[in-house]
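Per the numbering used here, residue 24 is the first one in the sequence shown, and the count goes up by one each step. Note that beta-carbon positions come from the ideal geometry of N, C-alpha and C, so glycine has one too. Just below is one structure, and these are the notes that go with it.
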Amino acid sequence: MRFPRFSAIFPDFSEEQHSRGGLYCFSRERFSAEEKRELEWREADERFEKRMQEQYEKTNAIIGRLGNRIGDFVEGLVRPGLMRLFNERGHPAWANRAVPSSPGAGEETMEVDLVGINGDEVVVVEVKSKLTVDDVRDHLYRMENFKRFFLRNANNRLIGAVAGLVISEESDKFAYRRDCL
């Protein structure tokens, strides 16, 4: 039986290349081209991932600033009514926007939305555009730690309050059962 010539099987490959070990060279060149394409794809993918990460960070920053503005707006709407409400309930106070506390243990800080101060009472208010049960829970946790962060009010009677533009019945009842105004 006679075998076909090498060039008949591999038409793109000359006899000269075959005699010089060209099959190895041909495969190596082809492999090298595939490696190069794969490397280019990997680099393009890395560039794309980097651009996506940068865009994600920019978007988060924009959303964060927008969220802060909405929070400031809601606090501005709530603040005047709080003064009247505190007075009606026998807790005359003035309200101001709270500043972040001084660092406590472990360099943690705490910020509360509004604080009303009346001599020996401090009313700490959490304000949300839409108040949820989780928001009330978070505020109760902050209340437990308030005096640790706001040392100047450590001897004052602490009163917790929550406010929102939209308050579900569930979060309203939850706050009421936990003695939040």
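- Here the C-alpha atom of residue 75 lies approximately 27 Å from the C-alpha atom of residue 57.
- Per DSSP, reduced to three states, the secondary structure at residue 67 is helical.
- The Cβ-Cβ distance between residue 171 and residue 143 does not fall below 7 Å.
- Secondary-structure assignment with DSSP links residue 144 through a beta bridge to 141 and 180.
- In the structure shown, residue 113 adopts coil according to DSSP, grouped into three states.
- When C-beta atoms of the segment 155-164 are compared with those of the segment 95-106, fewer than three pairs fall below 8 Å, so the two segments do not count as touching.
- Rounded to the nearest whole angstrom, the CA to CA distance from residue 201 to residue 131 is 26 Å.
- DSSP, reduced to helix, strand and coil, places residue 159 within a helical segment of the structure shown.
- Annotated three-state conformation of residue 135 is coil, per DSSP.
- Per DSSP, residue 191 lies in no alpha helix (DSSP H) and is assigned neither H nor E.
- By the criterion of a C-beta distance shorter than 6 Å, residue 145 is surrounded in its chain by 176, 179 and 181, once the five residues flanking it on both sides are discounted.
- Distance between residue 137 and residue 147, taken at the CA atoms: about 6 Å.
- The C-alpha of residue 111 lies about 31 Å from the C-alpha of residue 90.
- C-alpha of residue 186 to C-alpha of residue 151: approximately 6 Å in a straight line.
- Between residue 153 and residue 95, the alpha-carbon positions lie close to 14 Å from each other.
- Counting other Cβ atoms within 10 Å of its Cβ, residue 191 stays below 16 and is therefore classed as exposed.
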